[in-house]
Amino acid sequence: MAKKYEQFRCQPRLPKFAIPKRYDLKLIPDLIACKFSGTVEISIDIVADTKFIVLNAADLSVDSKSVRFQSKSESKGLEPLQVEFFEDDEILVLEFGETLALGLAVLHLSFEGTLNDQMKGFYRR
Numbered sequence: 001m002a003k004k005y006e007q008f009r010c011q012p013r014l015p016k017f018a019i020p021k022r023y024d025l026k027l028i029p030d031l032i033a034c035k036f037s038g039t040v041e042i043s044i045d046i047v048a049d050t051k052f053i054v055l056n057a058a059d060l061s062v063d064s065k066s067v068r069f070q071s072k073s074e075s076k077g078l079e080p081l082q083v084e085f086f087e088d089d090e091i092l093v094l095e096f097g098e099t100l101a102l103g104l105a106v107l108h109l110s111f112e113g114t115l116n117d118q119m120k121g122f123y124r125r
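Numbering (the UniProt record's numbering) for the sequence shown: 1 to 125.
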């Protein structure tokens, strides 16, 4: 694992350089197979220079090809260079090839998971 990600590990809170403003979440549960899939568009405010976005993500599989960052101030969208999941910390780190534009943006991604019986996340009884 690269040392560049160590700054995000074992932290009680997410970094403050990207502030979420709104989540548009679509979930498709499969109650027979006890699985689900979904997409999310997160409206975020980039308030400091960064090449990273860090998200909470527990027991999810993120389709790295679906991840796209679109700044409101720039016409081109960005795809991450790296998508790293740290299971112990329950975080997903997205690393981009350039510094993200300051201001409002939208992050889009698709994911899958299991409907577990641990009363954590999206669960079943």
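Even glycine gets a Cβ: it sits at the ideal position worked out from N, Cα and C.
The beta carbon of Gly97 sits closer than 7 Å to those of Leu81, all from its chain and outside the five residues before and after it, given in chain order. In this structure, Leu102 sits near Ile46, with a CB-CB distance shorter than 7 Å. From the listed residues Val106, Ser61, Ser64, Val40, the smallest Cα separation to Lys72 is found for Val106.
If you draw a straight line from the Cα of Phe122 to the Cα of Lys26, it comes to about 13 Å. Between the C-alpha atoms of Pro20 and Ile32 there is a straight-line separation of about 33 Å.
Your pair Val67 and Glu79 checks out as a contact, with CB atoms roughly 6 Å apart and the cut at 8 Å. Between the C-alpha atoms of Thr99 and Asp59 there is a straight-line separation of about 28 Å. Judged by DSSP secondary structure, Gly113 falls within the beta strand (DSSP E) whose first and last residues are 103-114.
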